[in-house]
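S.K.: Here the sequence shown is numbered in my numbering, starting from 4 and rising by one per residue. Where is the CB? At the ideal position from N, CA and C, for every residue including glycine. Remember, it's a predicted structure, so these values are computed and weren't measured experimentally.
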Amino acid sequence: MAKVALITGAARGQGRGHAVTLASEGVDIIAVDICAPVASMGYPLAGKEDLDQTVRAVEALGRRCVPVVADVRDGAALADAAGLLGRLDIVVANAGIGGAWEWDQVTPEIWRDVIDINLTGVWNTCVAAAPHLIAGGGGSVIIISSTAGLKGQPFLAPYVAAKSGIVGLARSLANEWAEHHIRVNTIHPAGVETGMSAGFATLQSLIDKHPHTGPIFVNALDVEVVEISDVSAAVAYLASDAARYVTGTELKVDAGNTIR
Ligand SMILES: NC(=O)c1ccc[n+]([C@@H]2O[C@H](COP(=O)([O-])OP(=O)(O)OC[C@H]3O[C@@H](n4cnc5c(N)ncnc54)[C@H](O)[C@@H]3O)[C@@H](O)[C@H]2O)c1
4 MAKVALITGA ARGQGRGHAV TLASEGVDII AVDICAPVAS MGYPLAGKED LDQTVRAVEA
64 LGRRCVPVVA DVRDGAALAD AAGLLGRLDI VVANAGIGGA WEWDQVTPEI WRDVIDINLT
124 GVWNTCVAAA PHLIAGGGGS VIIISSTAGL KGQPFLAPYV AAKSGIVGLA RSLANEWAEH
184 HIRVNTIHPA GVETGMSAGF ATLQSLIDKH PHTGPIFVNA LDVEVVEISD VSAAVAYLAS
244 DAARYVTGTE LKVDAGNTIR
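1. Thinking C-beta only, is Ile210 closer than 8 Å to Phe220?
2. Could you tell me the distance, in whole angstroms, from the CA atom of Ala5 to the CA atom of Gly45?
3. Using the Cα positions of Val226 and Trp104, report the straight-line distance between them to the nearest angstrom.
4. With H, G and I counted as helix, E and B as strand and the rest as coil, what does DSSP make of Arg186?
5. Take the Cβ of Ile169 as the centre, count every other Cβ of all protein chains shown within 10 Å, and call the residue buried at 16 or more, exposed below.
6. What runs of the alpha helix (DSSP H), each 4 residues or longer, lie entirely inside the region 35-88?
7. Comparing C-alpha positions only, which one of Thr150, Ala13, Asn121 and Ala131 sits nearest to Asp53?
8. Beta-carbon separation of Ala8 and Asp77 under 8 Å?
9. How close, in whole Å, do the beta carbons of Ser232 and Gly20 come, if the pair is a contact with beta carbons under 8 Å?
10. If you draw a straight line from the C-alpha of Ala82 to the C-alpha of Cys129, how long is it?
11. I need the boundaries of the beta strand (DSSP E) containing Lys255, first residue and last residue.
12. Name the one or two DSSP bridge partners that Ile145 has.
13. Anyone know if the C-beta pair for Pro70 and Ala34 falls short of 8 Å?
14. Are Thr250 and Val163 close, meaning C-beta to C-beta below 8 Å?
15. Measuring from the CB of Leu25, is there a heavy atom of ligand 1 at a distance below 7 Å?
16. Please list the terminal residues of the continuous alpha helix (DSSP H) segment that includes Ile137.
17. Compare the Cα-Cα distances from Val41 to each of Trp180, Val30, Val61 and Ile120 and report the closest residue.
18. Quick one: grab the DSSP three-state call for Leu241.
19. Is Val195 close to ligand 1? I mean its beta-carbon at under 7 Å from any heavy atom of the ligand.
20. Distance check for Asp107 and Val234, CA to CA, integer angstroms please.
21. What is the DSSP secondary structure of Thr150, counted as helix, strand or coil?
22. If you count every other CB in all the chains shown that lies within 10 Å of the CB of Thr49, and 16 or more means buried, which is it?
23. Are there three or more Cβ pairs, one per stretch, closer than 8 Å when the region 130-142 is compared with the region 178-185?
Pasting the structure below:
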């Protein structure tokens, strides 16, 4: 029987890339996305047509793909989604929002939404998936963090707080779920050109205003962004048996950003 992966934020961007990559390796997909805007964010999130496009891309590879319009802030909806294909082996907690603001421009709504989606949403995803992973004898939970989960990037305080928080969450669950043969790891991409890039569009003007912060955002390798396929390759590795003894690790796909 084919393995099954639950992927959040699967309608577009990196999430769609992970869905297609895992499907190409024979995995069936439960593709979750909010398919609606979040008012405090100044850029559009995915729509239902994006999620349908992910479904078509997975099905073109001969795999099953169940679309689920759900918000990762809704634990009950995630619990329903996790059981849809009768088994669960892989979880990619990828859904996220982001934006750049000076600290005194962060409204209570921005703080709440970023923490609720990027931190609590990951917790909700893990909690919803766990009973199915345990029942199946184990699995791989892959949490998409960021370079922001490993260093103190200015103008991104709520995002850094959430992306750092999920590192602690992953380490804790990696210990707690080891007895169930569930591995839990985080991936830390550098900038990736996706729909979220529009959310970070104000970052350059903030760096220009505070030029001493510029070097914090520069990668060691001579690229400004990594590709979705680079991150999907890391997802595929952590999902695979080749990573059977890899748990509680922070896998950087960051062109050396965090060693600077
Ligand atoms: N783009 C970057 O530069 C970058 C770098 C490092 C890490 N990341 C992380 O990678 C992950 C994927 O982002 P992306 O770059 O593909 O951006 P994206 O905006 O294209 O994709 C994010 C997806 O998550 C969905 N989503 C947002 N809130 C949701 C919610 N509450 N419930 C369910 N779905 C929701 C969106 O609709 C969208 O389809 C995010 O966790 C992001 O923080 C992005």
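M.R.: On the basis of the data shown:
1. yes
2. 39 Å
3. 24 Å
4. If DSSP states are grouped into helix, strand and coil, Arg186 belongs with the strands.
5. buried
6. 51-62 and 78-85
7. Ala13
8. no
9. 6 Å
10. 10 Å
11. Annotation for Lys255: the continuous beta strand (DSSP E) segment containing it runs Glu253 to Val256.
12. Val95 and Asn188
13. Yes; because the gap between Cβ atoms is below 8 Å, this pair is in contact.
14. no
15. Flag unset: Cβ of Leu25 not near ligand 1.
16. Gly124 to Ala138
17. Ile120
18. helix
19. yes
20. 33 Å
21. helix
22. It is Ala, not Thr, that sits at residue 49 in the sequence shown. Ala49 is buried by the Cβ-count criterion.
23. yes
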